[in-house]
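These protein sequences, in sequence, are chains A and B.
For the first sequence, position 172 matches number 172 in my numbering, and the numbering has no gaps at all.
Just add 1000 to the spot in the second sequence (first one is 1) and you have my numbering.
Number of protein chains: 2
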Amino acid sequence: MSKPHLSAAIQDYLKEIYKLQSEGTRPTTTAIARRMGVAPSSATSMLKKLAALGLAEHSPYRGVELSEAGSKIALEVIRHHRLLEVYLAETLKLSIDAVHEEADRLEHVLSEELEARIDEQLGYPTHDPHGDPIPDAGLRMQKRRLRSLDALQPGEEATVERVPDDDADLLRYLARLRLVPGGHVTMRRAEPFDGPMTVLVDGDEHAISRELAMQIGIA
Amino acid sequence: MSKPHLSAAIQDYLKEIYKLQSEGTRPTTTAIARRMGVAPSSATSMLKKLAALGLAEHSPYRGVELSEAGSKIALEVIRHHRLLEVYLAETLKLSIDAVHEEADRLEHVLSEELEARIDEQLGYPTHDPHGDPIPDAGLRMQKRRLRSLDALQPGEEATVERVPDDDADLLRYLARLRLVPGGHVTMRRAEPFDGPMTVLVDGDEHAISRELAMQIGIA
DNA sequence: GGTGAGGTTTAGACACGTCTCAAATTCTAG
DNA sequence: CTAGAATTTGAGACGTGTCTAAACCTCACC
Ligand SMILES: [Mn+2]
Ligand SMILES: [Mn+2]
Ligand SMILES: [Mn+2]
Ligand SMILES: [Mn+2]
C-alpha cells in the first residue's frame, strides 16, 4: 500500500473542503467549485475521484464528507501552507498580503524534511500571519473561538487576532490601517442600521464597514 | 504579448537542453529523453511543442537548438534552481546531496519577488553548492574552464571546485571523503592503464576510479 | 402532492504530457 | 554503395483536470 501520488489539484480540493467544513459551511459542490475557481461539474468529477481514492464519501446529490485519510492529507497541506506563510513573512520579509499566494504554490512541493527544518527554525509557530492556527507535526490543530470586531462595544478595546487571508488588496488595506494580528483596536462608534463602525488603531480613527468588521477576529 | 504560462515540463526540457548544449553535448532526442527520464517519442512531442512556441528550432531527424527566448527561459529556471540550492544549504542547512532534488521541484514555483529576496539575502552568490555557476539577475552566467581531478599530476595540489549535482548517493560518498567544493586535494598516485587514483584529502588517503576523478572539477 | 427553481451530475470535448508499437530516416560498416 | 543498426518520428491510446451544454435530482412552496 504505497501512496499513489496525490496531485496538487487533489490536495487543493481536500484543503478547501476541510476549510469549508471547519468554518461550519456545508461543503456543497457549488461552494467547493467557487472556492476552487472551477465549474461545478469539475468539482463533481473531483468528488468522484476523491471518493474512489477513499479520501471522501460522496453521496450523489446529497453531499461530501472527508474520510480520515482525506482529512489527514488536508491537514498536511494546511500545515505546509501556514508554516510557509510564517516562514516567508519572518525569514524573507514578505508582506502579509503576498504570503498566501506564494504559499499556495509552494505547499505542494515542500518535502517533509524541509517542513521539519522550517518548523524548527521558526520555533514551532502555532499561528500563521493571518492568525489562522497551524496544525502541529502530529496534525493536531488548536481551534480558538474568537469574537469578531463588529461585536465590540463602543469604548471596548481588543487585540486583532485574525484577518482574512486570501484577498491581497484587502490585506494591503488592512495593513495600512494596522488592523492586522497584533494590532490594538478600540471601538469608537457603531452607526445604526448596520452602518459603518469607527475604530481607533494606533491613534488613528478609521471607519470600516460592518461587513469587514465581521471578518476580523479579536480577543 | 502575454506569456502563455510555461508548464513545469516545458521548463525542465528547456533547462536540460540548455545544459546539454553548454556541456558541449549535442542535444539529441535520445539524450534529452534520457535526461528527462522519458521515452524518446515523448521528447519528440515536446520538441515539436517547443518549436511551435518559438522556444526552439527543430529540424526533424537533424536536431534541436534553443531560440533566444528558449535560452532565456532555460537560464531563468537554472537561476532558480541554483539559487535555491544555495539557499537550502545555507539557510536551512540541507546537505549537499539533498538540495538538488528539492530545488528541482521548487524551481517552478518560485516567484520573481522571492527569487530577488533570496538572492539578496544570500549576498548574490555566483555558484551553487556543487560549484555550478548561477546566472545573475540579468541572466548572464559566468563560465569557467576547470581542470578535472584526473589531470592532476602526482604531488600536485588543488582545490575542488565542482562535483556532479544530481546523484545523491555519489554526493554522500564524496561528502564523506570531503571531496566537495572547497576541499583541498593532493594527488598521490595514478595507477597505469586508466587505473584508480589515490588522493589525499584532509590527511586521509582515498582511492577513487579515474571515471569519478574525471567528473570532479578543480582549480 | 405537484411543480418549478436551483443545485448537481452526466456527456462529450479538449489540452497536456506520457506511453507503446510501428514506420521512417539517418548513420555506419563492409 | 548499400544493408543492417541506430535513431527519430508518427499513430493511437491513456490519465488528469478542465470546460459547456444538457439532463437530472431535491426541496420548498403553493
Ligand atoms: Mn493562506
Ligand atoms: Mn495550492
Ligand atoms: Mn542541481
Ligand atoms: Mn524541475
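All C-beta atoms, glycine included, are put in the ideal place defined by N, C-alpha and C.
Simplified DSSP state of residue i, which is helix, strand or coil
i	result
methionine 36 of chain A	helix
alanine 220 of chain A	An answer regarding residue 220 of chain A cannot be provided, because it is not within the stretch 1 to 219 covered by chain A.
methionine 1 of chain A	Summary for methionine 1 of chain A: the model assigns pLDDT 48, below 50, so the residue's position carries little reliability; its value from the coordinates is reported in the next sentence. Looking at methionine 1 of chain A - three-state DSSP - the assignment turns out to be coil, as it is neither helix nor strand.
threonine 1044 of chain B	helix
threonine 1126 of chain B	coil
leucine 1066 of chain B	strand
leucine 92 of chain A	coil
glutamate 157 of chain A	strand
isoleucine 1134 of chain B	coil
valine 979 of chain B	Because chain B is modelled from 1001 through 1219, residue 979 of chain B falls outside the range shown and cannot be assessed.
threonine 1030 of chain B	helix
alanine 1052 of chain B	helix
methionine 1187 of chain B	strand
arginine 147 of chain A	strand
methionine 214 of chain A	helix
valine 1201 of chain B	strand
glutamate 1101 of chain B	helix
alanine 207 of chain A	strand
glutamate 57 of chain A	strand
arginine 1178 of chain B	coil
arginine 79 of chain A	helix
arginine 1140 of chain B	coil
Cutoff 7 angstroms; reference residue i; Cβ partners in own chain excluding five residues on either side
i	result
leucine 1177 of chain B	Val1201 and His1206
leucine 968 of chain B	Since the first and last residues shown for chain B are 1001 and 1219, residue 968 of chain B lies out of range.
serine 1071 of chain B	Tyr1018
alanine 1089 of chain B	Ile1096, Val1099 and Pro1129
aspartate 1012 of chain B	Met1036
arginine 82 of chain A	Asp128, Asp132 and Ile134
leucine 6 of chain A	Ile73
threonine 1044 of chain B	Thr1029
Close Cβ partners of residue i (< 6 angstroms) along its chain, the five nearest in sequence each way excluded
i	result
histidine 58 of chain A	Leu47, Ala51 and Val64
alanine 8 of chain A	His108
methionine 1 of chain A	Unreliable positioning characterises methionine 1 of chain A in this predicted model, as indicated by a pLDDT of 48, which lies under 50. The coordinate reading is nonetheless provided below. Closer than 6 angstroms at the Cβ level, and outside the excluded window around methionine 1 of chain A, lies no residue.
leucine 14 of chain A	Gly70, Ile73 and Ala74
tyrosine 61 of chain A	none
Cβ neighbours of residue i in the same chain (closer than 8 angstroms, five flanking residues each side left out)
i	result
leucine 1020 of chain B	Arg1026, Pro1027, Ala1031, Ile1032 and Arg1035
arginine 1210 of chain B	Asp1150, Ala1190, Asp1194, Gly1195, Pro1196 and Met1197
alanine 1175 of chain B	Ser1095, Ile1096 and Asp1097
serine 67 of chain A	Gly54, Leu55, Ala56 and Glu57
methionine 214 of chain A	Ser148, Leu149 and Asp150
arginine 172 of chain A	Ser95 and Asp97
alanine 116 of chain A	Ala137
leucine 1084 of chain B	Val1099, Glu1102, Ala1103, Leu1106, Glu1107, Leu1110 and Ile1118
serine 1022 of chain B	Lys1143
Selection of the stretch 109-141 of chain A by Cβ proximity to chain B, strictly under 9 angstroms: Val109, Leu110, Ser111, Glu113, Leu114, Arg117, Ile118 and Gln121
Near ligand 2, which residues have their beta-carbon less than 5 angstroms from any of its heavy atoms, given in chain order? A:Asp12 and A:Asp104
Using Cβ-Cβ distances below 8 angstroms, what residues of the stretch 1165-1184 of chain B are close to chain A? none
With 9 angstroms as the limit, tell me which residues of the stretch 1077-1103 of chain B have their beta carbon closer than that to any beta carbon of chain A; keep them in chain order. Leu1088, Thr1091, Leu1092, Lys1093, Leu1094, Ala1098, Glu1101 and Glu1102
Residues surrounding ligand 3 [beta-carbon distance to nearest heavy atom under 5 angstroms]: B:His1100 and B:Asp1165
Quick check: the stretch 116-123 of chain A against the stretch 169-188 of chain A, are at least 3 beta-carbon pairs closer than 8 angstroms? no
Report the residues of the stretch 142-167 of chain A with a CB closer than 7 angstroms to any CB of chain B, ordered along the chain. none
The stretch 57-75 of chain A: which residues have C-beta closer than 7 angstroms to a C-beta of chain B, in chain order? none
Can you pull out the residues from the stretch 1013-1032 of chain B whose beta carbon lies closer than 7 angstroms to at least one beta carbon of chain A? none
Against chain A: residues of the stretch 1180-1214 of chain B by CB proximity under 8 angstroms: none
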